[in-house]
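Contents: one structure, followed by commentary.
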Amino acid sequence: MKPTVTPIDATFGARITGVALANLNDDAWNEIEDAFHEYGMLVFPNQGLSEEDQVDFALRFGEIEHLRANKDQKAVKITNKKADGSVLQPDEHRFKALRGNEGWHTDSSYMPLAAKASILSAIVVPKSGGGTACADMRAAYDALDDEMKERIEDLSAHHSLYQSQSKIGHIVETGTAYGYHNKGAPLRPLVKTHPVTGRKSLFIGRHAYGIPGLGEEESEQLLNDLLDFACQAPRTYYHAWQPGDAVMWDNRCILHAAQPYDYGETRIMQHTRIAGDPASELVATARDERAAGFEPSTSNM
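Oh and the sequence shown: position 259 is 259 in the working numbering, straight run, nothing missing.
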């Protein structure tokens, strides 16, 4: 089967049809990989991936980032449904964690080794809302004026899940879940050069804070201004999920954000995260005062 690649109406992204991700030959895989690098985000309608199918497809792109203590669990469910069948309530930890995902972000920028890519597929979706928005940070960088490009060229920001969750009133103890670690806050350049394409993009999002050399207020204002500018049409895409859909994005140049819905309804998504290449995604960490027992690390383990 040969994939059909149809660009979406934005500066990025394409819809891939004509193939089953669970049964790809090498030629089809090569075309999908090329499209991934060119478009940054790919939509695969009506795939109905099993957990095994999704993991096998993800492994074509690289090693899996383990998000749970059980290393055999390579795909995780992102859901508001509890084991007893009821839905999460607003005062529960997992509910607050899910609400945090509604801010623009890139996966694992708060870890020493940032993620390469993410794959999300839909199992159960609400009647309305609950989509996923994506934004093109390559086109956002290109659209900046020369003065702003020069201003941010050599700037970096720390990234912390503690910091981003605290902004919505969610205070979490170290070690209670993935991302709430004691490895410190990675320091990442605001301008990232893609290791494959060579294109520059903004590397920002809700986890970013504390630009060295700037005061706290100036740093926050600059990061907010960049984010507000970046996440505007035609640099954005909203995916309205149907059960069986799969979407993947390049965390090195694409931001994403979950969208609100009626939280009394059930939403079940399947998520697989592909680990970054240490040569381009592993950075030094600095102390994060929100975490306990700081131990600098050169890995996510």
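Beta carbons: idealized from backbone N, C-alpha and C, even for Gly. Predicted model, so just to flag it, every value in this text is computed and none were measured.
Using a 10 Å radius around the Cβ and a threshold of 16 neighbouring Cβ atoms, would you call residue i buried or exposed?
i, result
"Asn25", "exposed"
"Phe67", "What sits at residue 67 in the sequence shown is Leu, not Phe. Looking at its Cβ environment, which holds 16 or more other Cβ atoms inside 10 Å, Leu67 is buried."
"Pro234", "exposed"
"His82", "Here residue 82 is Lys; the residue named in the question, His, does not match the sequence. Under this definition Lys82 is an exposed residue."
"Tyr159", "The residue asked about is misnamed: residue 159 is His in this sequence, not Tyr. Buried: at least 16 other Cβ atoms inside 10 Å."
"Lys116", "buried"
Within a Cβ cutoff of 7 Å, which residues of the same chain sit near residue i, ignoring the five residues on either side of it in sequence?
i, result
"Gly264", "Val87"
"Leu37", "Correcting the residue identity first, residue 37 is His in this sequence and not Leu. Result list for His37: Val196 and Thr197, in chain order."
"Ala139", "Thr11, Phe12 and Arg235"
"Leu161", "Tyr110, Gly179, Tyr180 and His207"
Would a C-beta distance cut-off of 8 Å place residue i and residue j closer than the cut-off?
i, j, result
"Leu187", "Val283", "yes"
"Pro195", "Asp142", "no"
"Ile268", "Val124", "yes"
"Gly184", "Pro296", "yes"
"Pro212", "Ala122", "no"
"Ala69", "Asn182", "no"
Check whether chain D comes within 8 Å of residue i, counting only Cβ atoms and requiring the distance to be less than that.
i, result
"Pro7", "Structure shown: chain D not included; a single protein chain is present."
Excluding the 5 residues preceding and the 5 following residue i in the sequence, name in chain order all residues of the same chain whose CB lies nearer than 6 Å to its CB.
i, result
"Ser164", "Arg206 and His207"
"Pro189", "Ser156"
"Val247", "Val43, Leu120 and His239"
"Thr106", "Gly205, Asn251 and Leu255"
"Ala75", "Glu51, Gln54, Val55, Gln270 and Thr272"
"Lys192", "Ser201 and Phe203"
"Glu31", "Pro3"
"Ser280", "Pro195"
Closest by CA to residue i, which one among the options?
i, options, result
"Val19", "Leu42, Val172 and Gln89", "Leu42"
"Ser299", "Ser108, Arg15 and Pro3", "Ser108"
"Ala114", "Arg273, Thr6 and Phe12", "Arg273"
"Gly179", "Ala97, Glu92 and Gly169", "Ala97"
"Asp231", "Pro212, Ser219 and Cys253", "The sequence given here has Cys at residue 231, not Asp. Closest option to Cys231, Cα to Cα, is Cys253."
"Phe61", "Ala69, Ala35 and Pro3", "Ala35"
"Ile152", "Glu173, Leu202 and His271", "Leu202"
"Ser50", "Asn23, Arg15, Met148 and Ala257", "Asn23"
"Lys77", "Ala292, Asp154, Leu144 and Thr266", "Thr266"
"Ile171", "Glu33, Ser280, Gly100 and Pro126", "Gly100"
"Thr79", "Gly48, Pro126, Ile64 and Glu65", "Pro126"
Please return the same chain residues whose Cβ sits closer than 8 Å to the Cβ of residue i, not counting the five positions on each side in sequence.
i, result
"Gln259", "Glu102, Gly129, Gly130, Gly131, Thr132, Ala133 and Tyr238"
"Glu216", "Gly210"
Original post:
Is the stretch 74-88 close to the stretch 220-230, with three or more CB pairs under 8 Å?
Top reply: no
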